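Report on the following structure.
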Amino acid sequence: MEIKLVLPDTNILIPALGRVEPYASFLEKLIRSKNLAISVITASEFLVKARVDEEKIFNALLQRVNIFSIDLPIAQLGAAYRKKYLEKGKKIALPDCFIAATCKIHRVTLATLNKKDYPMEDFKILDKFK
């Protein structure tokens, strides 16, 4: 079975880079297998809260992984997600809509501790970690 790319949400990266288990081992496995992807949204969210030492480690990590930017198709799908859920009375943060759109378009699995932030059902979500 081929292992596909996994994009961790910020709530996975923070404990993983803080060496909290099981997230640290999960992230290390993704790095070793070259299956780690980072969204520019997740990168910016992490860097906002990072201490200087965490920022250095994270910036070094960014040199070794797949980085996904927001292009027009991701912007359009992210906006469509946001609009769809606003019409249903559910407010989904626009950055989360962009992350969801990134996962859908690039066929990447999202790893998150907040599955409720991603009610979309058209991409894979991993929310159990051992």
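Once you know that position 127 of the sequence shown is 127 in the UniProt record's numbering, the rest is easy, because the numbers rise by one and skip nothing.
Don't be surprised by glycine CBs; every beta carbon is placed ideally from N, CA and C.
In this text the structure is predicted, and so the values were computed from the model without any measurement.
Mapping the DSSP letters down to three states, classify residue i as helix, strand or coil.
{"i": "residue 123", "result": "coil"}
{"i": "residue 33", "result": "coil"}
{"i": "residue 62", "result": "helix"}
{"i": "residue 108", "result": "coil"}
{"i": "residue 39", "result": "strand"}
{"i": "residue 92", "result": "coil"}
{"i": "residue 7", "result": "strand"}
{"i": "residue 99", "result": "helix"}
{"i": "residue 68", "result": "strand"}
{"i": "residue 114", "result": "coil"}
{"i": "residue 50", "result": "coil"}
Nearest-angstrom Cα distance between residue i and residue j?
{"i": "residue 58", "j": "residue 84", "result": "34 angstroms"}
{"i": "residue 5", "j": "residue 64", "result": "14 angstroms"}
{"i": "residue 35", "j": "residue 9", "result": "14 angstroms"}
{"i": "residue 40", "j": "residue 121", "result": "22 angstroms"}
{"i": "residue 110", "j": "residue 80", "result": "19 angstroms"}
{"i": "residue 97", "j": "residue 118", "result": "8 angstroms"}
{"i": "residue 68", "j": "residue 107", "result": "12 angstroms"}
{"i": "residue 102", "j": "residue 128", "result": "21 angstroms"}
{"i": "residue 44", "j": "residue 124", "result": "23 angstroms"}
{"i": "residue 72", "j": "residue 105", "result": "11 angstroms"}
When burial is assigned at 16 or more other CB atoms within 10 Å of the CB, is residue i buried or exposed?
{"i": "residue 78", "result": "buried"}
{"i": "residue 33", "result": "exposed"}
{"i": "residue 91", "result": "exposed"}
{"i": "residue 1", "result": "Since pLDDT at residue 1 reaches only 40, below the 50 mark, its modelled position is unreliable, and the value read off the structure follows with that caveat. Exposed: under 16 other Cβ atoms inside 10 Å."}
{"i": "residue 27", "result": "buried"}
{"i": "residue 19", "result": "exposed"}
{"i": "residue 60", "result": "exposed"}
{"i": "residue 13", "result": "buried"}
Roughly how far, in whole angstroms, is the beta-carbon of residue i from the beta-carbon of residue j, given that I think they are within contact range, below 8 angstroms?
{"i": "residue 113", "j": "residue 11", "result": "4 angstroms"}
{"i": "residue 54", "j": "residue 17", "result": "6 angstroms"}
* Below 8 angstroms, can you find three or more Cβ-Cβ pairs linking the stretch 38-58 to the stretch 20-30? -> no
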